[in-house]
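Q:
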Amino acid sequence: MKKYLSRFTLCIAALLTSAASAHEYTTNSIKIDHPWSREAPPNATVIAGFFQLKNLSTRDDFLISATTPVAERVEIHQHEMSDGVMKMKKIENVRVGTMKSVMFEPGGYHLMIFNPEQSFKQGERFPMTLEFRNAGKVEIELAVEVNTYLHSH
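Encoded structure:
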């Protein structure tokens, strides 16, 4: 009996650990999966936010803005190749097609978070509000993770 109880306890612990690290936010029309940001060095003036958006509705939607109480401002950015050079530019919105997903990831779409009030460390979270043209505002938290370029989910 102890053997089975011990295995059961390990399984529950594994499930709880998995649930604690994986987080998602779902409305009736938008799903935001695993929002995260890299751990930044002290006094960083900009950090980035990443996640996956999925449109669950029968019409296109657009991410039109993002805000957070812990930074001066947030902008939506995209990397693009121009004359053989990768450049980052501010964009006004991101279209999320009907029943489609859009990744916000290093080297692609991302949120630029300017002048954060503090340096966030691995394991911490901070609030963010994403605003969509149709779905409205969605409150999320970004989990701060290890600063590595190769991030897999």
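For the sequence shown, the positions run -22 to -1, 1 to 131 when mature numbering (1 follows the signal peptide of the UniProt record, and there is no 0) is used.
Here a beta-carbon is modelled for each residue, glycine too, at the ideal position from N, C-alpha and C.
So, for Gln47: in the same chain, excluding its five sequence neighbours on each side, which residues have a beta-carbon less than 7 Å away from its beta-carbon?
A: The residue labelled residue 47 in the question sits at position 69 within the sequence shown. Note that residue 47 is Pro in the sequence shown, not Gln. Cβ within range, chain order: Pro105.
Q: Taking Glu17 and Gln100 to be in contact with their CB atoms under 8 Å, please state how far apart those CB atoms are, rounded to whole angstroms.
A: As a working mapping, residue 17 is identified with position 39 in the sequence shown. As a working mapping, residue 100 is identified with position 122 in the sequence shown. Indeed, because the Cβ distance is near 5 Å, the residues count as touching under 8 Å.
Q: Assuming Asp38 contacts Thr76 (C-beta within less than 8 Å), just tell me the rounded distance between them.
A: The sequence position of residue 38 within the sequence shown is 60, counting from 1. The sequence position of residue 76 within the sequence shown is 98, counting from 1. About 6 Å; that satisfies the 8 Å criterion.
Q: Locate the beta strand (DSSP E) running through Thr45, then write down its first and last residues.
A: Residue numbering aside, residue 45 sits at position 67 when the sequence shown is read from its first letter. Residues Asp39 to Thr45.
Q: Can you grab the Cα-Cα spacing for the pair Val80 / Leu34, in whole Å?
A: Numbered from its first residue, the sequence shown carries residue 80 at position 102. Numbered from its first residue, the sequence shown carries residue 34 at position 56. Their backbone Cα atoms lie some 12 Å apart in a straight line.
Q: For Leu89, which three-state DSSP category applies?
A: Here residue 89 refers to the residue found at position 111 when the sequence shown is read from its first residue. Residue state, collapsed to three classes: strand.
Q: Does the beta-carbon distance from Lys65 to His55 come in below 8 Å?
A: For this step, residue 65 is matched to residue 87 along the sequence shown. For this step, residue 55 is matched to residue 77 along the sequence shown. Contact: no.
Q: Beta carbon of Ile10, beta carbon of Leu120: below 8 Å?
A: Locating residue 10 in the sequence shown gives position 32, counting from the first residue. Locating residue 120 in the sequence shown gives position 142, counting from the first residue. Their beta carbons are not under 8 Å apart, which means Ile10 does not touch Leu120 by this criterion.
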